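**Student:** Residue numbers (our numbering): 29 to 420. Even glycine gets a Cβ: it sits at the ideal position worked out from N, Cα and C. None of these values were measured; they are calculated from a predicted model. Mind looking over this structure? Questions follow.
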Ligand code: PLP
């Protein structure tokens, strides 16, 4: 028999993962054994998709919208997205520059694959969504971490971005509101970052999937800075805003030069987003927005509850994040490392959380908790964590 039988491509070793999914799997195993786990590990709204959106999908299914459709997205949805992005980002986005994919994730992967190769450097936030580093490494490009520091409210310092820009920088990935910290980049910093990036040939990928989940601040996009739309993949999606994580639908306004290559990636991989899902997307963008407003108000109340509760725990301190549905408490005052604490909270206190290092080296000493869970469950989780810490 050949020795190479069944061997994997070397590149597979470079592909990372999302720890949230492995912790979720372990928590589900525990639940199957009768344990009552509180889920603060996974980043998805616990609300149902608003009814009128589901109804639009059902109507589309009944109308036979069940076949292949254009890989770039159906015209009706691309137009609705162009209008939405133009209105909310203060830019003029043409529908031909809008692409629809199976979630925001494919845009991360395919934008990196379409623009980066060995020798290229990609600046990305640390701590940050783990798929960025995974895709950069898969492309064989060099990841260059841009630290998001706690004392800077988990936004990057423009000077630290400037120091990392080199002639080899091919792409800069930004994310605000941010996963895992909830940090929001101030508009003035985005303007200064745009100035620095405009002096280089780098593309920008602005991950704005939490744009609507922002508390008391006006949302700002780097794509709104003069000259930036032409080099920015402005990424958003339905998952977080409309509680549609399982529908798998995301979208982006992309620079003209990327429209055809990214569409070709879709043709090569997924072909298209199911048309009935895209009709649901049209209903989401053009229909009533009161469900979104109600979800955002509830998230804000939960944020206040969990921040206050965490700050009352011994050895824990937590900033008040301005966006998304995550908190990133510093646990360096507890007797355990964040990794051990996260593991033991799951196994011994039935509370599923993630260690900050699941999002990069800068996440050391922190936990990430998703507060996309009921106030009742958040209170119970805080009580369980408190008892666990008291027993150490
Ligand atoms: N970008 C960030 C920052 C995220 O946190 C997530 C999901 O957790 C995504 C992208 C992926 O979203 P989608 O469900 O649209 O693929």
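Closer than 7 Å to a non-hydrogen atom of the ligand PLP - does that hold for the CB of residue 285?
**Tutor:** For the purposes of this step, residue 285 is taken as residue 257 along the chain shown, with counting starting at 1. Not under cutoff, so the answer is no.
**Student:** Alpha carbon to alpha carbon, what distance is there between residue 60 and residue 376?
**Tutor:** Taking the chain shown and counting its residues from 1, one reaches residue 376 at position 348. Taking the chain shown and counting its residues from 1, one reaches residue 60 at position 32. Their backbone Cα atoms lie some 16 Å apart in a straight line.
**Student:** In three-state terms, what does DSSP make of residue 402?
**Tutor:** Here the question's residue 402 lines up with position 374 in the chain shown. Here residue 402 sits in coil by DSSP.
**Student:** For residue 320, which option in 274, 266, 281 and 285 has the closest C-alpha, if you only look at C-alpha atoms?
**Tutor:** Position 292 of the chain shown, counted from the start, is the residue given in the question as residue 320. Nearest C-alpha to residue 320: 266.
**Student:** Taking 7 Å as the cut-off, does the CB of residue 132 come closer than this to any heavy atom belonging to the ligand PLP?
**Tutor:** Position 104 of the chain shown holds residue 132. For the ligand PLP, at least one heavy atom lies less than 7 Å from the Cβ of residue 132.
**Student:** From which residue to which residue does the alpha helix (DSSP H) around residue 36 run?
**Tutor:** Position 8 of the chain shown, counted from the first residue, corresponds to residue 36. Neither: residue 36 is in no alpha helix (DSSP H) and is coded neither H nor E.
**Student:** Taking the beta strand (DSSP E) that residue 275 falls in, what are its first and last residues?
**Tutor:** If you number the chain shown from 1, residue 275 lands on position 247. Per DSSP, residue 275 belongs to no beta strand (DSSP E) and is neither H nor E.
**Student:** Measure from the alpha carbon of residue 313 to the alpha carbon of each residue in 34, 43, 82 and 50, then state which is nearest.
**Tutor:** Here residue 313 is taken as the residue at index 285 of the chain shown, counted from 1. The residue with the shortest Cα to Cα distance from residue 313 is 82.
**Student:** Which of helix, strand or coil does DSSP assign to residue 284?
**Tutor:** Walking along the chain shown from the start, residue 284 turns up at place 256. Reduced to three states, the DSSP call for residue 284 is helix.
**Student:** Please give me, in chain order, every unbroken run of the beta strand (DSSP E) with length at least 3 that falls completely inside the stretch 366 to 413.
**Tutor:** The stretch 366 to 413 contains these whole beta strand (DSSP E) runs: 395 to 398.
**Student:** According to DSSP, which residues form a beta bridge with residue 202?
**Tutor:** Here residue 202 refers to the residue found at position 174 when the chain shown is read from its first residue. Paired residue(s): 234.
**Student:** For residue 102, name the three-state secondary structure that DSSP assigns.
**Tutor:** The residue you call residue 102 lines up with position 74 of the chain shown. Note: residue 102 maps to coil in three-state DSSP.
**Student:** Quick one: is the Cβ of residue 237 within less than 7 Å of any heavy atom of the ligand PLP?
**Tutor:** Reading the chain shown from its first residue, position 209 is the one you call residue 237. Flag set: Cβ of residue 237 near the ligand PLP.
**Student:** For the alpha helix (DSSP H) containing residue 225, name the first residue and the last one.
**Tutor:** Within the chain shown, numbered from 1, the residue matching residue 225 stands at position 197. Counting along the chain, the alpha helix (DSSP H) containing residue 225 begins and ends at 215 to 226.
**Student:** Name the two residues that bound the continuous beta strand (DSSP E) containing residue 148.
**Tutor:** Locating residue 148 in the chain shown gives position 120, counting from the first residue. Run containing residue 148: none; DSSP gives neither H nor E here.
**Student:** Could you tell me the alpha carbon to alpha carbon distance between residue 336 and residue 402, rounded to whole angstroms?
**Tutor:** Mapped onto the chain shown, residue 336 falls at position 308. Mapped onto the chain shown, residue 402 falls at position 374. One C-alpha to the other measures close to 16 Å.
**Student:** Out of 78, 77, 55 and 80, state which residue places its alpha-carbon closest to the alpha-carbon of residue 68.
**Tutor:** Walking along the chain shown from the start, residue 68 turns up at place 40. Of 78, 77, 55 and 80, the residue nearest in Cα terms is 55.
**Student:** List, from N- to C-terminal side, the beta strand (DSSP E) runs of 3 residues or more that fit wholly inside the stretch 107 to 180.
**Tutor:** List check, beta strand (DSSP E) in window: 126 to 129, 149 to 154 and 170 to 175.
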